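K.L.:
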Amino acid sequence: MPAPATTTATYYLSGADLVQDGHGRITLSLLADGRLRVSARINSTDESRSYRLTLRADGAAAEWLSLDIGGALGVGEATLANPPQRFEDLLRTPQTAVVLEQSGREKMRGAVGGVAVALIDDLTIDGFLAYIQRHDVRDVKRLMSALPPAMRSNHTLVGRSGGLQATSVEAPRIVSFGADGRLLAAFQSDVGPRRETVELAELRADGTWKFAEIEVPTRRVASEVCTSCHGRQPRPVWSAYNQWPGVFGADGDKLTDAEVVTLTRLRATQRDSDRFHVLPIRPVRNGDTFHIAHRDYTFANFNATGEIVRAVTEGAWLRIRQAPRAADLRLGFFLNRCDDALRQETNPRWARFKSAMVAAGQPQQTDTVAILRAMGIANPVEELQIGKTAPNLTAADGLGYNQAASGLTTFIEFLLLDDWIADEPELGRRLAALADVGRGYVNGVYTGYGLGMANLEEARRFRMLHNYGLHGEDLQRSREKHTAPNYFDGLWRMEQGLLTPARDAICSHLQGR
52 MPAPATTTAT
62 YYLSGADLVQ
72 DGHGRITLSL
82 LADGRLRVSA
92 RINSTDESRS
102 YRLTLRADGA
112 AAEWLSLDIG
122 GALGVGEATL
132 ANPPQRFEDL
142 LRTPQTAVVL
152 EQSGREKMRG
162 AVGGVAVALI
172 DDLTIDGFLA
182 YIQRHDVRDV
192 KRLMSALPPA
202 MRSNHTLVGR
212 SGGLQATSVE
222 APRIVSFGAD
232 GRLLAAFQSD
242 VGPRRETVEL
252 AELRADGTWK
262 FAEIEVPTRR
272 VASEVCTSCH
282 GRQPRPVWSA
292 YNQWPGVFGA
302 DGDKLTDAEV
312 VTLTRLRATQ
322 RDSDRFHVLP
332 IRPVRNGDTF
342 HIAHRDYTFA
352 NFNATGEIVR
362 AVTEGAWLRI
372 RQAPRAADLR
382 LGFFLNRCDD
392 ALRQETNPRW
402 ARFKSAMVAA
412 GQPQQTDTVA
422 ILRAMGIANP
432 VEELQIGKTA
442 PNLTAADGLG
452 YNQAASGLTT
462 FIEFLLLDDW
472 IADEPELGRR
482 LAALADVGRG
492 YVNGVYTGYG
502 LGMANLEEAR
512 RFRMLHNYGL
522 HGEDLQRSRE
532 KHTAPNYFDG
542 LWRMEQGLLT
552 PARDAICSHL
562 QGR
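Residues 52 to 564, numbered by the working numbering, are exactly what the sequence shown covers, in order.
1) Measuring alpha carbon to alpha carbon, tell me which of R514, G297 and P200 ends up nearest P331.
2) Pull up the DSSP beta-bridge partners for H74, would you.
3) Starting from A556, follow the alpha helix (DSSP H) in both directions and report where the run begins and ends.
4) So, for D308: in the same chain, excluding its five sequence neighbours on each side, which residues have a beta-carbon less than 7 Å away from its beta-carbon?
5) In terms of residue numbering, what span does the alpha helix (DSSP H) encompassing A510 cover?
6) Of all the options G125, S117, P296 and G165, which has the alpha carbon lying nearest to the alpha carbon of E139?
7) Taking only the alpha-carbon atoms, compute the straight-line gap between D325 and A217 and give it to the nearest angstrom.
8) List, from N- to C-terminal side, the alpha helix (DSSP H) runs of 4 residues or more that fit wholly inside the stretch 333-413.
9) Leaving out the 5 sequence neighbours to the left and right, which residues in its chain are closer than 8 Å to K192 when beta-carbon positions are compared?
10) Give me whichever residues DSSP pairs with K305 in a beta bridge.
11) Output yes or no for whether 8 Å exceeds the beta carbon distance between T147 and D109.
12) Quick check: what's the CA-CA separation for F404 versus L550?
13) Can you tell me the Cα-Cα spacing of R346 and T315, whole angstroms?
14) What span of residues does the beta strand (DSSP E) with K261 cover, start to end?
15) What are the boundary residues of the beta strand (DSSP E) that includes G121?
16) Taking A21 as the reference, which of S204, G73 and S457 has the closest Cα?
17) Report the rounded CA-to-CA distance for N387 versus R424, giving the unit in angstroms.
18) Between D172 and R224, what straight-line distance do the alpha-carbon atoms span, to the nearest angstrom?
19) Counting Cβ pairs, one atom from each stretch, are 3 or more of them under 8 Å apart for the stretch 526-533 and the stretch 431-449?
20) Hey, out of G258, A392 and I422, whose CA is closest to T364's CA?
21) To the nearest angstrom, how far is it from the Cα of G300 to the Cα of E524?
22) What did DSSP end up calling E310 once you bin it into helix, strand or coil?
23) Using a Cβ-Cβ cutoff of less than 7 Å, which residues in the same chain neighbour V70 once the five nearest sequence positions on both sides are dropped?
24) Taking C-alpha atoms, which residue in G214, R370, L87 and R322 lies nearest to L466?
25) Going residue by residue through the stretch 157-198, where are the continuous alpha helix (DSSP H) segments of at least 4 residues, counting only ones entirely within it?
26) Helix, strand or coil: which one does DSSP assign to H281?
27) Would you report the Cα separation of P203 and L235, rounded to the nearest angstrom?
28) CB-CB under 8 Å to T45, same chain, minus the five flanking residues each way: which ones, in chain order?
29) Compute the Euclidean distance between the alpha carbons of R137 and G85, then round it to the nearest angstrom.
30) Determine which residues share a DSSP beta bridge with F238 and list them.
31) Could you tell me the distance, in whole angstroms, from the CA atom of T40 to the CA atom of L116?
32) Rounded to whole angstroms, what is the Cα-Cα separation between D190 and E508?
33) Put I472 into one of helix, strand or coil per three-state DSSP.
34) With which residues is A60 paired in a DSSP beta bridge?
35) How about D241 and A222: do their beta carbons lie closer than 8 Å?
36) Between C280, A421 and R103, which lies nearest to K158 when the distance is taken from Cα to Cα?
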């Protein structure tokens, strides 16, 4: 296990063209044993090549560090027993980090130490506030300059909104969803009283969401203003695939001519902007769709929807798996997929499920809403129907929400299946006996919604890892460099790619056959 760091400072690396050359970070960490660890992570790399990072004090004749970075992962790390200076002196010294390609061409560079902007390393509301206070941040421009690379790459733009921040097509609101949707941040570029306020939504470790707005100059924090739209048990609000009213690319990610004009202007002037200076903005033309940089599958709002659903369903799973008798209650999701014959008191699994429902105060209904309520989500529609603001929900609304490849509740069932297999490995062995269901397009012919894995269980594990096992930089790398033949189309196919083809095996397991 690596030695723990007592103090850490991270700095930004950027290419001349953020879209093509990419960006990254360099981190200096003082370890508990006095050694210095230097690590770097960059994107837009070629897997067949290696890169070299050098770190040199400004004005010095030679670098004091040379670090190899592999192209496959974009990662390099070194630990120095005898660093050139004490850690605090090292951070006071203005330095420059440069990343070179094998040809000697400069890929990216960044300022380190001295007056260089250290990046935010705690992506929580408390972490943002602590950073603002510690670094005496007085405006949103300075705060945005401290965003880590994944918060810059993964963004969409809003031209019309029902939220508190002012916005327009000419001066859109920036919504950053990061690599995994666990922290959402909104920044106002239009004029108005909330221009120096950042809005944040954070998925907490207990599965609940915390919302707040921070007025940067005054450090004032408010959360009560968020609940009017986001609910008493707040959650994000984001329209389902593939219509996102008010967002750039609202109709299936296709940009309007006016949005193209704005993006072209923002790209041309972003160096002088106090908001868009940190974003990798792709060049666009009339008729284009809205693409973001540093993802293998680049559609902006598709990715925003996917990561927000990923985070919302992870939060629900973290909550419901802690319920009393969760193992019995989760059976209901899968029994509801099977024939009526399994949903009889003579089936011990059904009897256990029904007993748990009665104990949880849900003796009558056995549908998804009732099961979620029994597992601790008091108002499942209000807490999980993210397609509407809380005041706009009606009695007719349900849990239906299309992520693009699967419904929102299907992701929750997928997560509960992972818990079930961990408790009962025999079910995993049953899935391992089934073939994966294709690998997308092969020579122009669509072969199915699978990932091209050896079997269905291997595909399930891959989906689990690359949706819920990886976070932050590791998940960002997965999204940038797809590692399965049908990653972009199959990874989120929880229903068509997994639960439907696994139905008979699941039902046989529930029946004891």
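We put the beta carbon where it would ideally sit given N, CA and C, even for glycine.
What you are looking at is a predicted structure, and each value in this text was computed from that prediction instead of being measured.
P.N.:
For this structure:
1) P200
2) S65
3) R554 to Q562
4) N337
5) L507 to M515
6) G165
7) 16 Å
8) 351-371, 377-380, 382-386 and 399-410
9) D325, R326 and H328
10) D302 and T340
11) yes
12) 20 Å
13) 21 Å
14) W260 to E266
15) L116 to G121
16) The requested residue 21 does not occur in the structure, where the chain is confined to residues 52 to 564.
17) 16 Å
18) 23 Å
19) no
20) G258
21) 26 Å
22) helix
23) P331, R333 and A344
24) R370
25) 176-185 and 191-195
26) helix
27) A small fix is needed here, since residue 203 is Arg in this sequence, not Pro. If you take the alpha carbons of R203 and L235, they lie about 12 Å apart.
28) Look at the range of the chain in this structure, 52 to 564, and you will see that residue 45 is not part of it.
29) 9 Å
30) I225 and V249
31) For the chain, the structure presents residues 52 to 564; residue 40 sits outside this window and is missing.
32) 50 Å
33) helix
34) L79
35) yes
36) R103
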